[in-house]
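Line by line, the protein sequences give chains A and B. According to UniProt numbering, the first sequence is numbered sequentially starting from 1. According to UniProt numbering, the second sequence is numbered sequentially starting from 1. Glycine included, each C-beta is placed from N, C-alpha and C at the ideal position.
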Amino acid sequence: MKHFLLATTLIFSAPAAMACETVTIGDLTVEHAWSKATIGAGRPGVFYVEIKNSGTTDDALVGITTPAAGMPMLHETVVQDGIASMPHAMSVPVPAGQSVQLAPGGYHGMLMELTTALKEGDSFPVTLSFEKSGEVTVNVDVLSLRAEGPDCADAGQ
Amino acid sequence: MLGVGAYRTRNRPARSEVLPVPIGQMTWTLTDHQGRLVRPSDWAGRPVMVFFGFTWCPDVCPTTLSDISLWLEELGADADRLIVALISVDPERDTPDALAGYVSNFDPRIIGLTGPADEVAQAAADFRATYRRVDKEGGDYTMDHTAGVFLFHPDGRFASIIDFHEDRRFAVPKLRRTLS
Ligand SMILES: [Cu+2]
Chain A
1 MKHFLLATTL IFSAPAAMAC ETVTIGDLTV EHAWSKATIG AGRPGVFYVE
51 IKNSGTTDDA LVGITTPAAG MPMLHETVVQ DGIASMPHAM SVPVPAGQSV
101 QLAPGGYHGM LMELTTALKE GDSFPVTLSF EKSGEVTVNV DVLSLRAEGP
151 DCADAGQ
Chain B
1 MLGVGAYRTR NRPARSEVLP VPIGQMTWTL TDHQGRLVRP SDWAGRPVMV
51 FFGFTWCPDV CPTTLSDISL WLEELGADAD RLIVALISVD PERDTPDALA
101 GYVSNFDPRI IGLTGPADEV AQAAADFRAT YRRVDKEGGD YTMDHTAGVF
151 LFHPDGRFAS IIDFHEDRRF AVPKLRRTLS
């Protein structure tokens, strides 16, 4: 019940497409943060984002936290010999001068123990922890379960 | 004989050593998301597209279903005779109702199939698919599973696999070849 109250205050309907917002921390640019609607709160949610490192020092995403889930984790979908698995990723490298995507079929935030179902049109914050640059919070747009990514003018997909 | 062998080699998935058996030789019985029993013989004479997954899967499975929905939209009415089925590898959680809530988010031609563990195992064996339960801390679990999409000709012969990381632009031409 405590979780439920927390969730209702922190998850709200987004008036605009927050996935298209850009947040920076040091040399890192974080944008296109989105998620997919879930059926109920029992199934895990997912978190996708793009991170660009315009600096000269390698960094790494080492963790995520969010009030929307009791157990958020970094995962990587791996397809080996035709079989898909999604092991825990200790960190996601963000090399100097490069962009990385948490995107369908690759790295993703796995949002286990959701505090409430994620509904299309909602938004929730996720705090990303980087090895060197520290922490930054982004607002995540919940798109439909069918969505393949946010519809931003500058989306790099 | 050589000609047939060459044909098979060209169409065969790169990493799979054994081909799925023809639909007509499969022996599973599953239940669809509307609670109806489905047997391989129900698919006789129709092209078939099958993939394995589970509805607690937030990444690979909805991505595959989104892709399939786009292919079906592109094919339009040409795909109306195509059987499109998601077979759950997690029948413990994927009841027909759970599948119904899930597939309703995608193209309405996609059906969900589930059933007793031994029937799901039989289906996986017939398709030469594999799956494995992976336990997580706290009693939760996820499933590793074959990610490719299996295609069969209307006469039930295996046609090809669309691999998960394959360039999706080739999927629709592949599908058109299967439909005819
Ligand atoms: Cu995952």
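Roughly how far, in whole angstroms, is the beta-carbon of T77/A from the beta-carbon of M86/A, given that I think they are within contact range, below 8 Å?
5 Å
Would you check whether ligand 1 has a heavy atom nearer than 8 Å to the C-beta of D59/B?
yes
Could you tell me whether any non-hydrogen atom of ligand 1 is closer than 8 Å to the CB of T66/A?
no
Proximity to F124/A [Cα-Cα], best of V30/A, F130/A, A103/A, W34/A
W34/A
Alpha carbon of V149/B to alpha carbon of I161/B, nearest angstrom
5 Å
By a C-beta neighbour count over all protein chains shown, 10 Å radius and 16 as the cutoff for buried, is A98/B buried or exposed?
buried
Please classify L19/B: does DSSP put it in a helix, a strand, or coil?
coil
Please indicate yes or no: does the CB of P44/A lie closer than 8 Å to some heavy atom of ligand 1?
yes
Please tell me whether T24/A and V136/A are closer than 9 Å, where the distance is taken between their beta carbons.
Contact flag set, yes.
Would a C-beta distance cut-off of 9 Å place A19/A and P150/A closer than the cut-off?
yes
Please list, in chain order, the residues of the region 58-74 of chain B that have any C-beta partner in chain A closer than 7 Å.
P58, D59, V60, P62, T63, S66, S69
Pick helix, strand or coil for residue 205/A, following the three-state DSSP scheme.
Residue 205/A lies beyond the stretch modelled for chain A, which goes from 1 to 157, so this question has no answer here.
At a threshold of 8 Å, does T64/B count as lining ligand 1 (C-beta to nearest heavy atom)?
no
Contact between the region 57-68 of chain B and the region 102-116 of chain B (3+ Cβ pairs under 8 Å)
yes
May I ask which residues mark the beginning and end of the beta strand (DSSP E) holding G106/A?
In the DSSP assignment, G106/A falls outside any beta strand (DSSP E), carrying neither H nor E.
Bridge-paired residues (DSSP) for V136/A
L128/A
Measure from the C-beta of A150/A to each C-beta in chain B and report whether the shortest distance is under 9 Å.
The sequence given here has Pro at residue 150/A, not Ala. False, the Cβ-Cβ gap to chain B never drops below 9 Å.
Listed by chain order, chain B residues near G45/A by CB distance under 7 Å
Residues of chain B passing the Cβ test: P58.
Closer than 5 Å to ligand 1: residues, by C-beta to nearest heavy atom, in chain order:
H75/A, M86/A, M110/A
Below 9 Å on C-beta distance, what does G101/B contact in chain A?
I39, G40
6 Å Cβ shell around A16/A - same chain, five flanking residues per side excluded:
Because the pLDDT at A16/A is just 49, under 50, the model does not fix this residue reliably, and the value given afterwards should be weighed accordingly. Once the five neighbours on either side are set aside, A16/A has no close Cβ partner at all.
Should T57/A be listed as close to ligand 3, given that the test is whether its C-beta is under 8 Å from any heavy atom?
Looking at this structure, you won't find ligand 3 anywhere; what it does contain is ligand 1.
Tell me whether H165/B is buried or exposed, calling it buried when 16 or more other Cβ atoms sit within 10 Å of its Cβ.
exposed
So which residues on chain A does G148/B lean against when the C-beta distance must stay under 7 Å?
G82
List the DSSP bridge partners of A84/A.
V79/A, H145/B
Using 8 Å as the cut-off, can you tell me whether the region 84-96 of chain B makes contact with the region 40-58 of chain B, which would need three or more C-beta pairs spanning the two stretches below that distance?
yes
Any C-beta of chain A under 9 Å from that of G138/B
yes
May I ask you to report which of helix, strand or coil DSSP gives T56/A?
coil
Please classify D163/B: does DSSP put it in a helix, a strand, or coil?
Three-state result, D163/B: coil.
Of all the options D94/B, D118/B, A129/B, which has the alpha carbon lying nearest to the alpha carbon of G112/B?
D94/B
Which bits of chain B does V79/A rub up against, with CB to CB less than 7 Å?
A147, F164, H165
For V84/B, does the three-state DSSP call read helix, strand or coil?
If DSSP states are grouped into helix, strand and coil, V84/B belongs with the strands.
Using a Cβ-Cβ cut-off of less than 9 Å, list which residues of the region 105-139 of chain A approach chain B; keep chain order.
G105, G106, H108, M110, L111, M112, E113
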